[in-house]
Structures are given as structure tokens and as C-alpha cells.
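Participant: One structure coming up, written as C-alpha cells, with questions to follow.
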Amino acid sequence: MTHEALQPGVDAASALDNCGLATMMPMTGMLASRISPGAPAPESIELEVPQDDRGCSAVLDVNSLAYGMDLDAGKELIGTRSFWTGHVPVLGLVDGKPACAAAVVMVDGYRYVALVATDPAHQRRGYAEAAMRLALEVAGRQHGERPTVLHATDAGRPIYQRMGYEAIATHTLFMEKRFLAGH
Numbered sequence: 267m268t269h270e271a272l273q274p275g276v277d278a279a280s281a282l283d284n285c286g287l288a289t290m291m292p293m294t295g296m297l298a299s300r301i302s303p304g305a306p307a308p309e310s311i312e313l314e315v316p317q318d319d320r321g322c323s324a325v326l327d328v329n330s331l332a333y334g335m336d337l338d339a340g341k342e343l344i345g346t347r348s349f350w351t352g353h354v355p356v357l358g359l360v361d362g363k364p365a366c367a368a369a370v371v372m373v374d375g376y377r378y379v380a381l382v383a384t385d386p387a388h389q390r391r392g393y394a395e396a397a398m399r400l401a402l403e404v405a406g407r408q409h410g411e412r413p414t415v416l417h418a419t420d421a422g423r424p425i426y427q428r429m430g431y432e433a434i435a436t437h438t439l440f441m442e443k444r445f446l447a448g449h
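Set out below in C-alpha cells:
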């Protein structure tokens with residue numbers, strides 16, 4: 267739900283609660299025309315654009331770990347190399363094991379950044395930012411330098427601001443209550 271699109275006085279959370287949806291997390295829509303230069307990728311991470319289903323599936327595995335959500339249902343589509351034709355997934359490996367991920371999906375002429383995550387055992391080392399920068403670079407080479415947009419969590423927002431993103435909207439993400447059981 268985009269807060270700026272609501273009429274004054276509308277309690278969307280209550281209305282959506284009555285439809286079986288629960289608040290999952292706040293997010294900030296952000297836009298950057300150019301990405302600020304950053305530090306080189308840490309030497310301890312090996313970044314790759316997965317070329318097979320196993321690597322593409324690992325992008326979801328890292329996100330599952332980072333966000334504490336089971337994303338196995340998405341593997342049949344997003345976990346396949348064929349889904350990523352024209353888009354760019356990036357997987358970061360530490361000692362040969364998936365540690366971070368990021369992706370750029372081309373949407374309406376924008377490079378939409380998605381699936382940015384780091385396995386909690388490897389957080390706060392710059393891995394996801396390095397994966398995201400590579401995904402943006404590869405997408406820029408393939409599709410030209412275009413503006414980039416994303417939806418930031420509260421934890422990611424300061425990193426994205428440092429990279430040159432500016433807030434353009436605020437959102438609340440909702441999910442069916444049945445998928446949030448136990449969270």
C-alpha cells in the first residue's frame with residue numbers, strides 16, 4: 267500500500283485486516299538517476315551471475331534466511347534461469363557457499379532492484395551492496411544506464427541513501443495472515 271495514494275482519513279490497515287491481510291513491514295520507495303561510487307567488493311566474497319537453476323534458486327535461499335520467510339514456493343518460477351532472461355540476478359559466495367544476493371529486473375524502462383539480502387551469518391560486511399552494484403552494472407551494460415528504483419526496508423534505507431537513492435514514497439507491505447503464522 268502506498269501511503270501517499272490514500273485519501274485522508276482512510277485506515278487501510280483496518281480494511282485490509284478484514285480481508286485477511288496483515289501488516290508485514292514498512293518500506294520506502296526510492297529512486298536514483300545515478301549511483302554514487304562505492305568501495306570495491308570485499309575480497310572475501312565471490313560474485314557471480316548464476317547461469318543455472320541451482321544458482322538462481324540460491325538467490326531465494328539467501329532471501330529466505332535473511333528475512334525469515336520460506337520462499338520455496340517461488341522457486342518454480344523465480345528459481346529458474348529462464349525467468350531471468352533480460353534481468354540480472356547476482357549471487358555472492360563465501361567459501362563456495364551462498365552468502366548474499368541481489369537482482370535487477372527491468373520494469374517499464376527502469377532498473378528495479380530486488381531480492382537484496384545477506385545471510386545473517388555474513389551481515390554488515392558490504393556483501394549485499396557489492397552484489398547489488400554488480401547487478402546494476404551488468405544491467406546497465408545490457409540495457410543502458412537507466413534510472414534505478416527499489417523498495418527499501420528500514421535497515422537498508424541508509425545504505426541506499428549513501429548510494430544516491432532518494433525517497434519518493436512510503437509503503438506498507440501486507441501479506442495473507444495464513445503465511446505469517448508463527449511470525
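If you read the sequence shown in this note's numbering, its first letter stands for residue 267, the second for the next number, and so on. Beta carbons: idealized from backbone N, C-alpha and C, even for Gly. Since the model is a prediction, treat every value here as computed from it, not as a measurement.
What is the DSSP secondary structure of V370, reduced to helix, strand or coil?
Facilitator: Three-state result, V370: strand.
Participant: Taking the straight line between their C-alpha atoms, what separation do you get for D361 and V404?
Facilitator: Those two C-alpha atoms are separated by around 23 Å.
Participant: So, T384 versus A307, is the Cβ gap smaller than 8 Å?
Facilitator: No, Cβ-Cβ distance for T384 and A307 is not below 8 Å.
Participant: So does the segment 408-423 actually touch the segment 306-326, counting three or more Cβ pairs closer than 8 Å?
Facilitator: At 8 Å Cβ cutoff, the stretches do not touch.
Participant: Can you tell me whether H388 is buried or exposed? The criterion is at least 16 other CB atoms within 10 Å of its CB, across all chains shown.
Facilitator: H388 comes out buried.
Participant: From the DSSP output, in three-state form, read off M267 for me.
Facilitator: Correct three-state label for M267: coil.
Participant: Going by DSSP, what residue range makes up the alpha helix (DSSP H) through A405?
Facilitator: Where A405 is concerned, the enclosing alpha helix (DSSP H) stretches over 393-409.
Participant: Nearest by alpha-carbon distance to L343: which of R320, G358, A367 is it?
Facilitator: Checked all of R320, G358, A367; the closest Cα to L343 is R320.
Participant: Given a threshold of 16 other Cβ atoms within 10 Å of its Cβ, counted over all protein chains shown, does C366 qualify as buried or as exposed?
Facilitator: So C366 ends up on the buried side.
Participant: What's the C-alpha gap between Q408 and A281?
Facilitator: One C-alpha to the other measures close to 42 Å.
Participant: With DSSP run on the structure shown, which of helix, strand or coil describes V325?
Facilitator: Looking at V325 - three-state DSSP - the assignment turns out to be helix.
Participant: Identify, in the order they occur along the chain, each residue of the same chain with its Cβ nearer than 6 Å to the Cβ of A298, setting aside the five sequence neighbours on each side.
Facilitator: These residues qualify, in order along the chain: T414, G430, Y431.
Participant: Since Y378 is in the alpha helix (DSSP H), which residue starts that stretch and which ends it?
Facilitator: Y378 -> not in any alpha helix (DSSP H); beta strand (DSSP E) instead, spanning 376-384.
Participant: Quick one: using the 10 Å Cβ neighbour count with 16 as the cut-off for buried, is H353 buried or exposed?
Facilitator: Buried is the call here.
Participant: Starting from P424, trace the beta strand (DSSP E) in both directions and tell me its first and last residue.
Facilitator: No beta strand (DSSP E) holds P424; the alpha helix (DSSP H) holding it covers 423-429.
Participant: By DSSP's criteria, L416 is part of a beta bridge. Which residues make up the other side?
Facilitator: DSSP lists M296, V379 as partners of L416.
Participant: State buried or exposed for A421, treating a residue as buried only when at least 16 other CB atoms are found within 10 Å of its CB.
Facilitator: Exposed.
Participant: Beta strand (DSSP E) containing A433: first to last residue?
Facilitator: A433 -> beta strand (DSSP E) spans 432-442.
Participant: Among residues of its own chain, excluding the 5 on either side of E312, which ones have a beta-carbon nearer than 6 Å to its beta-carbon?
Facilitator: Taken in chain order, the residues that qualify are L359.
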